[in-house]
Each structure stands twice: as C-alpha cells, then as structure tokens.
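To start, the structure itself, in structure tokens.
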Amino acid sequence: MRIFDPHIHMTSRTTDDYEAMYAAGVRAVVEPAFWLGQPRTSPASFLDYFDALLGWEPFRAAQYGIAHHCALALNPKEANDPRCTPVLDELPRYLVKDSVVAVGEIGYDAMTPAEDTALAAQLQLAAEHGLPALVHTPHRDKLAGLHRTLDVVRESALPVERTLLDHLNETTVAAAVDSGCWLGFSVYPDTKMDTDRMVAVLRTFGTERILVNSAADWGRSDPLKTREVAGAMLAAGFTDDDVDRVLWRNPVAFYGLGGRLQLDVPVPDALHEGNSVLRGGE
29 MRIFDPHIHM TSRTTDDYEA MYAAGVRAVV EPAFWLGQPR TSPASFLDYF DALLGWEPFR
89 AAQYGIAHHC ALALNPKEAN DPRCTPVLDE LPRYLVKDSV VAVGEIGYDA MTPAEDTALA
149 AQLQLAAEHG LPALVHTPHR DKLAGLHRTL DVVRESALPV ERTLLDHLNE TTVAAAVDSG
209 CWLGFSVYPD TKMDTDRMVA VLRTFGTERI LVNSAADWGR SDPLKTREVA GAMLAAGFTD
269 DDVDRVLWRN PVAFYGLGGR LQLDVPVPDA LHEGNSVLRG GE
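In terms of our numbering, the sequence shown opens at residue 29 and continues consecutively.
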C-alpha cells in the first residue's frame, strides 16, 4: 500500500513519526505553511520557516524514504496581524522554488476583511506562478465560511479545478462537490473528521477528487490516520484500487498540476534491510 499525506505539519513531528509513517506505507507528504502556536512578530520569522520547509525538512524526510514537498503562504490566522502581512511581498521569490507545489494554506479563520484581502492576493499569486492552491476552510460557522471562500475563489484568476478545499466535513461536502474544486478531509483523534465518518462520506460521495490527510501538528493528532482510513475503507468493502485512488493517485493528480512533483526518493539502506533508522545527528 502506498500513501501520500497531502497535508501534514512535519516540522512539529519527530523522526520517530517519519519512521512509523514509512512503515505504514507513507511515501510522500506535502507540508503547508501554518502558524507556530504563538504569534510571530515579524516577516523574518516566516522566512526562516520557509527556508526550513525548503531545506531541512526534505532532507529529514528523505532519510526515512519519504518525498517531502511544501506549500507556502501567509496562513489565515496570521493574516489578521499587521506584523505578519508584509510577508506577502516576499512570497513570490519563494513560490518559484522547485519543491513548492502549491500556495497554502490560505483561506479563512475568523472571516475578517484582512483575511479577505490575503486570500484574494494569494489566489492571484497561485495563478501567476502556475500553482494550485490549498485552501483552509474555517473551523467555525463552516458552511457560511465555505460559501464565502467559494465566492472569492470564483472571482479570482485561479480556476476552481486548481483549488483544494480542506478541512471539509458533512456540513460542507455537498456544496464543495458541486463547486468543482478538489475536496480535502482532515482526520483527527478528537476533532474535525474521524475514520468512520470519513468512510461514510466516501460511501456517499465516491472517491473522485477526494483527498484524506492527517494534518498532524502541535496538538493532539496522529500522522498514521491516513493508514487507518485505508484499513477502514478495505474493511467497509472498498477495493484496493479505491484506496490507492484516495490515498495516492488523487493527491498526486492535484499537486501534480503545478508540474513540480518529484516522488522518487532513494530508499536508505537501513529501510531496505528492515533495520531501524538511526536517530542521531538531528
């Protein structure tokens, strides 16, 4: 089984997670830019973070046989902080980097005018750079947030078929399906979607244009939720091909829209031999 986690924050995870992910079948990830857990105080903080997502994190992932790409953006939560918004002027020089496969995550948190401005500006950047966009739908008032998101997407130069609406659930999936966008679902231990609900959505809406992610971050989350969903799909009667479509081919198709996806990572000898990967040298 091969798994592509299309939204996971590996900067908040340990090398033990990489090792466990590889053993579970994860062979590729996309890491979208997000907040630090506390307020950033200047654009320079973003630039150091972007550099780590372009350099250190792909190197760390490759040691465990996993291809690492990223999506870069000013995230919705920090779009409201005037100390952070100047990073929008810095983004163009980062969006030309080879391992940047999307602009993201962008979208709404509290649905403020500042978030309107940042979302529209970054959809334009995605269109100008030939990249798809990973869009964070808000966790509160989700259906209203989805409709507001779709209004901005439709007014932008970025086609809906190059947009991934993430953090969907049962209240938003029908409207998202009708939009023509790609559909993202985050599976968590306690919040967002759980495994059984995810399988129920797949039974109702099918497997086309649907991506499942762990979105694992600083909080209580699980980087193996993608593998859990795969097992639950098989137990519910989905075929191996269905699982491969949702957990591999769909994310490859979406992130491949920018023409930069590179999935060939040499497997370290320790993984070839079934030995534990050394954790030293971090």
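For every residue, glycine included, the Cβ atom is placed at its ideal position computed from N, Cα and C.
The C-alpha of Glu59 is placed about 19 Å away from the C-alpha of Ala107. Thr254 counts as buried, since no fewer than 16 other beta carbons sit within 10 angstroms of its beta carbon.
Scanning the stretch 57-112 from its first residue to its last, the whole beta strand (DSSP E) runs of 3-plus residues come out as 95-100. Taking a cut-off of 8 Å on C-beta distances, the stretch 187-205 touches the stretch 149-165, as three or more cross pairs fall below it. Secondary structure at Val229: helix, using DSSP grouped into helix, strand and coil. Of Asp224, Glu143, Thr235 and Asp169, the smallest CA-CA separation from Cys112 is found for Glu143. Taking the Cβ atoms as the reference, Ala149 lies roughly 6 Å from Leu116, within the contact range of under 8 Å. Phe78 counts as buried, since no fewer than 16 other beta carbons sit within 10 angstroms of its beta carbon. The bridge partners DSSP lists for Phe282 come to none. Three or more Cβ pairs drawn from the stretch 212-232 and the stretch 183-200 lie within less than 8 Å of each other, which places the two stretches in contact. Counting C-beta pairs closer than 8 Å gives three or more between the stretch 225-232 and the stretch 256-275, which meets the contact rule. Looking at the DSSP output, Ser214 shares a beta bridge with Asn241.
Shown here, Lys220 sits in a strand according to DSSP, grouped into three states. Taking 8 Å as the upper bound for CB-CB distance, Asn241 and Ile36 are in contact here, some 6 Å apart.
The residues Leu252 and Arg255, in chain order, have a CB closer than 6 Å to that of Ala52 in the same chain once the five nearest residues on each side in sequence are set aside.
Residue pairing of His164 in beta bridges, as defined by DSSP: Gly135 and Asp194. With at least 16 other beta carbons inside 10 angstroms of its own, Gln91 counts as buried.
A check of alpha carbon separations from Thr69 across Asp33, Asn103 and Pro110 identifies Pro110 as the nearest.
At the C-beta level, Thr39 and Ala72 stay beyond 8 Å of one another. Scanning its chain for C-beta atoms nearer than 7 Å, with the 5 sequence neighbours on each side dropped, one finds around Leu153 the residues Leu119, Pro120, Leu123 and Val131, in chain order. Under the three-state reduction of DSSP output, Val180 falls in the helix class. Pairing His96 with Ala56, the inter-Cα distance amounts to about 6 Å. In the structure shown, Val54 falls within a strand segment according to DSSP collapsed to helix, strand and coil. If you draw a 10 Å sphere on the C-beta of Pro114, you find fewer than 16 other C-beta atoms in it, and that means exposed.
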